[in-house]
Structure formats: structure tokens, C-alpha cells
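What follows is one structure encoded as C-alpha cells, with my remarks underneath.
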Amino acid sequence: MTSENHGTEKADSALVMSPTESTSQAAPFSPSTSKPTQELPDELIQAGWSKCWSKRENRPYYFNRFTNQSLWEMPVLGQHDVISDPLGLNAAPASGEAMSDAGLGNGQRKRPPLEDAQAGPNSFKRPKVEIPVTPTTPTVPISPSTPGVKPWVNTTDDKQGQTSVPAPGPFTPHLSGLSSVYMTCLNWSLCFRVYWDLDIQTNAVIRERAPADHLPPHPEIELQRAQLTTKLRQHYHELCSQREGIEPPRESFNRWLLERKVVDKGLDPLLPSECDPVISPSMFREIMNDIPIRLSRIKYKEEARKLLFKYAEAAKKMIDSRNATPDSRKVVKWNVEDTMNWLRRDHSASKEDYMDRLEHLRKQCGPHVASVAKDSVEGICSKIYHISAEYVRRIRQAHLTLLRECNISVDGTESKAVQDRLVYCYPARLSIPSPPQPRVELHFENDVACLRYKGEMVKVNRGHFSKLELLYRYSCIDDPRFEKFLSRVWCLIERYQVMFGSGVNEGSGLQGALPVPIFEALNKQFGVTFECFASPLNCYFKQFCSAFPDIDGFFGSRGPFLSFSPASGSFEANPPFCEELMDTMVKHFEDLLEHSSEPLSFIVFVPEWRDPPTPALTRMEASRFRRHQMIVPAFEHEYRSGSQHICKREEIYYKSVHGTAVIFLQNNAGFSKWEPTTERIQEFLAAYKISGRSLPSPGPPSTSTGDKDSKPVQEHLAKSQDNSSPVDKTAPDTTNI
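Residue numbers (the UniProt record's numbering): 1 to 737.
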């Protein structure tokens, strides 16, 4: 059976470097690509014209993204009256068609023959693009995502009469197979240049790797996973409320998913099922921090007084209702009674007095309260984990049943041998063929694309929908006719929507991205072409690592970063702010830098948490690979929301409430090539002076005037400190690295 997956062994044969016996060769480069043949003359394309397909009329038409004009026939510049004839039905025919249409009445046009009548339920109509093929295979590595070449077919192995998979054609933002009346293409074309740059080729080089054995995505399975994950969140809420009388700590379930995936050896891409230890340190720590009550930020004196009273009352109630030791009961009751007497006696205390008293009470009562709550909280963590493992078993069983019904064997899939050779990084591939996909409905509501499957609707703004289409063109090699595109987009958005949660702005902070000017500066000054933690929805480059290789691989993901081992390249790392994940990330960085002699550089963005300091930040500051470090102060820089694909325009950027530490980790070769010199650092810091709120947004417009509390960016944005040794400032020290 022909494998209909992300790719095959032959599919990636064109990605290969020329064999190298030593690491002393020059850095790889991408060859020039053949230019695709355009369907329209250059002057029409420059004027904004492009060829589209009308689903209603089942015929091609021409659309101008600058003027929103629509014509049935190929336009002739300067010969069309938009006011009197909006659709160009009475426009003069092209010279080549004048004779053939002479017998038709005024305003009539001969309907062209249907092309590609056989199409799947999720397919899009695409203009045909002829790609000239280079006669010989290059001997240097090529980027697998380079448009205009056939990266998945080795031309030296092509057989006569073999049908080749067409390479992605030139992308136009409005080619979605739908009527153009919904579009404001000029605005979207501006947004594409602002929020991502998919033309930047990668400099990340890896060892060739075999396709992964993940089960291919399917909307039916994704719907079941979403329902069970939502149910698991409800179980977590109920356990916290019933056992501890508190609301679940905000984002704690999301951080639990991230922390569990660091150690999970299970088979589900989202839910954990094989973890050691069973008790999650992240979930346990966050619940304990909210016992006996959650401490919120205080602005006024009366709020501080109420918070102190509530804490004292909750501590006494917990120690009375639990199996505490006599000494613990005595200490807690004495301190609570003393606090109550102080509250009745002192009415002139300030906010600071109340907060000092609260801190004293926490130090005295906290250890005793934690000791009586420990078993109960461990029970919550254990129960959530075991429920998750049971849900994973159900999902896996349903997925295998679906594949068997489609005559797709999982156990019989043989892992294909790969050669030990260097290649440019390429999207994650699956070894198991993809089953037929069900129909997913698509419609547009103003500037939002709505995809529906069995009553479950997901939404994404039009700009990001077109971005997903382009990433799919670059990365997917088993679906050249886009027959599975809509179902895979639905699965992708549903997966991230479930991971985010259903609360207001929940999860968006864990998927926040750097502002565009920062990415531009990183690429220009330090050669960064790769994001270590991103998603198809928030990536800036088309090469990135993400959490879900089974679905994200179709849109360019190289898989999870903790299982990604580059030999060289320049990388940006802005991980989700989960302590266990960040600590494991730093260990992975140091291991890669230790074993590579090729240029390798990681520019890491982590929160400056000092009370207490995070293990990741402490480890990087003590690392011998650290070349430079700077601190960007809180409230003086911005992040892009993880919900940028659906949120309103004024909600895309938000001020960071904590400082951000920017740390350069480089080996000797990486330091020589991308040294953080004073000039480069100054150019990089200048990018923080550009506020993202002044940039156009791919989100739908809103009547709101924006954040009233936002302040202009300060002139002095970052404190920079050079942590290089004197030897590092002149040349890399080979004795130290």
C-alpha cells in the first residue's frame, strides 16, 4: 500500500548534504530555485490581479486585491468601468477569445470546461502552476520548504511516466476557493508582511531521522479527545472545590499538561499516561500555594485587612477539620487568636502593617497547614493523573479501531532505515498513512473563518487562515490537492483550543510570542531562523518546534524541541513559563552545545523570577556557554498574545508584568559567527522601542480605542550587562569551551 503520510524515506532524499567525513567543512547553503511560471502577465500581477475560482459558478474569475474588482475574463488594464459593470460581465473579451465568442449574445461568455471535477469534501480549487525541474540533483543540502522546487522527489530516481507531486505554487492571500466579496485583501497583504516572514530559509542542520509512528489525526478522534480533556478539567475543578474548598489555581491545569509531557512516555499527544513520578510537582506546588486561601494582589488598606482576616479564619478552620497533631493545633490556634485580637484592637494600621502581619501569620501557620493538607493534595494529583491515563486508553482504542476500518495497519508498519547524514531540518513526518477525512464545513463571518465538524465550531481570523494555507503548501507532501486541508486545520485549532482551556484569556500567556521587531532584529543581527517553542498559529518563521508533531507537522513543525537535536544553526527560545519545562530545556541546550563543534547558538527568553529564582535561570547564569545576558524591565516591553489568531486587534499585544532575562548560550563556533557585540546588542535593544500597538494587526478590527492604561515605551528599555570573560570579548577560548 502506498504510504499517504507526512512523507517517506524517498520523499526526503533531496534534503541530504553531500557526505561529510569531518566537521571542518563550510556551513551549508541553499541552492537557487527555479522560478514558477505565472498564469498572468507580470503587469497584471503587479497591479493586484490574480486568478480565483468561483464555487457558485464553477468557473475561474479574476480578482484585484487593491480595488476589489471581479472579472470573468482576463482583465485588460485601463479598459474596465468598475461603477457601471462591477463584475465585468460586459467587458470587452480578450483578443484571443473574440472570434470564439462572436456567436454569443451581448454580455454572454462561453463557460470554460470543468477542470479537476473529482475533488474531496475538504478540497480547495487551486490554479495550476508549472514548475520547471532542475535536470540534476544538487550536491549541497537544500531547504525542504523552498518554494519552486520538488524537495520530496529526487530527480535522479524519477522513472518515466511517474506522476510527481506538484510543488506549491505562488501564494496569494485570497486564494481560498471562496467568493472574494468577504475579503479586504489589501489589509491582509499588509498583515502578512508584518506578523510573519515565511520566506526566511533555515540554517538549522540535523541528522536525518526516521518518520515518527504517531497515529495520523482525524476529526472524530480529535473531537473525542477534546470532550475527554474538558471532562478532565471539570474533575480537577470539582476535586479542588470539594477537598480543599478552593478554586483551581489559574493556569495550573495547563502547566500540569506541560510539566507532565516533559517526563511522559505515553502515546497520546496531549494527555499524559506514563509518568514517573505519578504526583506532579507543578500541580502539587500550585495547589499548596493557594491553601488555605488564594492570596491576591492588594491595592488598598481595606482589602489587606479583609485578606488577613480570611486567612486567619481559613487556617483555623482547616486545622480543626483535619487530623493535625496537638502541637500543630496549638501553634495555629494561638497565632490566629493573636491576629484576631490585633485586628479588633488596632484600627489605625496601614496597608503595609496588614501585609506584614499576614506574612508573619503565614510563616507561623503555613508549615502546619501544609502538613495536614499534604495527603489530600497528593490525592488530587494522583486521581487526575489516573483519570487521564484511562482517557488515553479510550482514545487510543478508538483511534486504532478507526484505522482498522480504513484497512490501515499500525503494527505492520516497518521503521525505515535512515542514513547517518546531515540534512537541513525538515517538517516532522509520519510513517502511518492518513485515513480518509470527513467533510468539514467552512464559512466566513466578516474577517473570521469558521470551520465546523459535527456541530463543533472552531474559529480563526482570515489572516492566520491564509497563513495556515501557505504553511500547508510548504510542508505537507501527501495532499497536493488540499483534499484534507480543512479537516487538518480543524484538528489543529481544536487541539490548541482544548489545551488553552475555556476561561477568558486562559492559556494565551503560555503561548505568547515575541514582537515582530524582535524577530526581525534576531534574524538580521544574529542569524536566527528557527523558533524552539512555537506553533503554526503563532510562529514567525516557517521552521519551528511545537508540542504536537502528529498535526503540526503538516504545517511545518519539526516536532517537540526536547526530542530535536540540531548539529548547527541559530535559534530563538521563548518557552512556556513552566519551571520544569524550562529546566529540562536548559539541560538540553547544554548537552547540544557540549557535543557540537559546528556553529550553534541559542538566544533564550525567560522570566526574571528571583523570589525564589527558577532553576533554569540559575543554571543558565552559571553556564560556561553563557556569552551575554541582559534584563528587559517589567512593563517596558510587550508580548504577542497566544490567542492572536482569534483575539481583537487591541488585545494582540500586552505588557509583560515581569522582567525578561535574555541570555545568549553559544559554543565556540557559534560565538565566532554570531558574537553578541556591542553594536549588535544596541540594534537588538532598539527593536524594543517599537511598540506593537502601533502595528497593523491580523485580528478583526474593533471599535475600542485600545488599552487606556497602556503607557508609552520608555526611552531606556533594557539594562544590559556583559557576562563574557575577557577572553570571550576578543576570541573564543577553546580551552574553556
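Beta carbons are placed, not taken as given, at the ideal position from N, Cα and C, and that holds for glycine.
request  = Answer yes or no: do I619 and V586 have a C-beta to C-beta separation smaller than 9 Å?
outcome  = Per the sequence shown, residue 619 should be read as Arg rather than Ile. Contact annotation: R619 and V586 have beta-carbon atoms nearer than 9 Å.
query = Which residues share a DSSP beta bridge with P613?
reply = P613 is bridged to R610.
ask   = How long is the line joining the alpha carbons of A686 and E57, rounded to whole angstroms?
value = Whole-angstrom Cα-Cα distance: 52 Å.
key: Segments assigned alpha helix (DSSP H), at least 4 residues, entirely inside the region 457-485   = Secondary structure within the region 457-485: the alpha helix (DSSP H) runs of 4 or more consecutive residues, fully enclosed, are 462-475 (chain order).
key: CB contact check: L267 to chain D, cutoff 9 Å   = No chain D appears in this structure, which consists of one protein chain only.
ask   = Distance, Cα to Cα, M318 vs D264?
value = Here the alpha carbon of M318 sits roughly 34 Å from the alpha carbon of D264.
message = Just to confirm before moving on: does the CB-CB distance between D213 and S563 stay below 9 Å?
response = Taking 9 Å as the Cβ cut-off, D213 and S563 do not qualify as a contacting pair.
ask   = Should P436 go down as buried or exposed, given a rule of 16 or more other Cβ atoms within 10 Å for buried?
value = Classification for P436: exposed.
inquiry  = Under DSSP, the alpha helix (DSSP H) around F253 begins and ends at which residues?
reply    = It spans 252-263 - the alpha helix (DSSP H) in which F253 sits, taken as one unbroken run.
inquiry  = For E494, tell me which candidate among P612, D276, L228, I690 has the shortest Cα-Cα distance.
reply    = Selected option, being the one with the closest Cα: L228.
query = Considering only the beta carbon of each residue, do F253 and G501 sit closer than 9 Å?
reply = Inclusion of F253 and G501 in the CB contact set at 9 Å is warranted, their separation being smaller than that value.
ask   = Taking C-beta to C-beta, are F554 and C476 nearer than 9 Å?
value = The Cβ atoms of F554 and C476 lie closer than 9 Å to each other.
request  = Would you list the one or two residues that DSSP bridges to residue 741?
outcome  = Because residue 741 is not part of the residues shown, which for the chain are 1 to 737, the question remains open.
task = Within its chain, find whatever has a CB closer than 6 Å to the CB of S643; leave out the 5 residues flanking it on each side and keep chain order.
result = Cβ-Cβ distances below 6 Å link S643 to S508 in the same chain, with the five nearest sequence neighbours on each side left out; the list follows chain order.
query = Buried or exposed: which applies to E417, given that a residue is buried once 16 or more other Cβ atoms fall within 10 Å of its Cβ?
reply = Before going further, note that residue 417 is Ala rather than Glu in the sequence given. The residue is exposed, with fewer than 16 neighbouring Cβ atoms inside 10 Å.
ask   = How about the region 347-359 and the region 290-308: do they share at least three Cβ pairs that are nearer than 8 Å?
value = For the pair of segments examined, the region 347-359 was found to touch the region 290-308: the number of CB pairs separated by less than 8 Å reaches three.
key: C-alpha gap between T614 and V331, whole angstroms   = For T614 and V331, the distance between alpha carbons rounds to 31 Å.
query = Where in the region 288-340 do unbroken runs of the alpha helix (DSSP H), each at least 4 residues long, occur, reported from the N-terminal end onward?
reply = As for any alpha helix (DSSP H) of minimum length 4 sitting wholly inside the region 288-340, the runs are 301-321, ordered along the chain.
Beta-carbon contacts of Y654 that lie in its chain and below 7 Å, excluding the five residues immediately before and after = If the five residues before and after Y654 are omitted, its C-beta is found closer than 7 Å to the C-beta atoms of E638, Y639, S641, all from its own chain and listed in chain order.
message = Could you compute how far the alpha carbon of F635 sits from the alpha carbon of I663?
response = If you take the alpha carbons of F635 and I663, they lie about 19 Å apart.
query = Ordered along the chain, which non-local residues of its own chain (more than five positions away) have a Cβ less than 6 Å from that of R452?
reply = Counting only Cβ-Cβ distances below 6 Å, and skipping sequence neighbours, we find E441.
request  = List the DSSP bridge partners of F664.
outcome  = DSSP, once it has assigned bridges, lists I603, H628 as partnering F664.
Cβ neighbours of W674 in the same chain (closer than 6 Å, five flanking residues each side left out) = Scanning its chain for C-beta atoms nearer than 6 Å, with the 5 sequence neighbours on each side dropped, one finds around W674 the residues F526, G527, S570, S601, in chain order.
message = Closer than 8 Å is the cut-off here; do at least three beta carbon pairs connect the region 369-387 with the region 202-218?
response = At 8 Å Cβ cutoff, the stretches do not touch.
Three-way DSSP call (helix, strand, coil) for C185 in this model = For C185, the predicted model reports a pLDDT of 38, less than 50, meaning its position is unreliable and no value from the coordinates is stated.
request  = Less than 8 Å between the CB atoms is what I'm expecting for N335 and L361, so what's the real figure, rounded?
outcome  = Indeed they touch by this definition, with Cβ atoms about 6 Å apart.
task = Report yes if the CB atom of I293 is closer than 9 Å to the CB atom of L307, and no otherwise.
result = Yes, the pair counts as a contact, with Cβ atoms nearer than the cut-off.
message = Under DSSP, the beta strand (DSSP E) around R452 begins and ends at which residues?
response = Residues 448-453.
request  = Please list, in chain order, all residues of the same chain as R207 whose beta carbon is under 6 Å from its beta carbon, the five residues on each side excluded.
outcome  = Within the same chain, R207 has no close Cβ partners at all.
inquiry  = Tell me the DSSP secondary structure of Y195 in three-state form.
reply    = In the displayed model, Y195 falls within a helix according to three-state DSSP.
ask   = Looking only at C-alpha atoms, which of V448, N574, T401, K542 sits nearest to A204?
value = Selected option, being the one with the closest Cα: K542.
ask   = When DSSP labels each residue in this structure, what does V205 get in the three-state scheme?
value = The answer is strand: DSSP assigns V205 an E or B state.
task = Within the same chain, show all residues whose beta-carbon is closer than 7 Å to that of P549, passing over the 5 residues directly before and after it, in chain order.
result = Within the same chain, Cβ atoms closer than 7 Å to the Cβ of P549 are found at A212, H214, A428, S557, G559, P560, the five residues on either side in sequence being excluded.
message = According to DSSP, is P269 part of a helix, a strand, or is it coil?
response = Correct three-state label for P269: coil.
ask   = DSSP three-state call for N64: helix, strand or coil?
value = In this structure, N64 counts as strand in the three-state DSSP scheme.
Contacts around A616, its chain only, beta-carbon distance under 8 Å, and the 5 residues preceding and following it disregarded = Answer for A616: E579, M582, D583, M585, V586, V606, listed in chain order.
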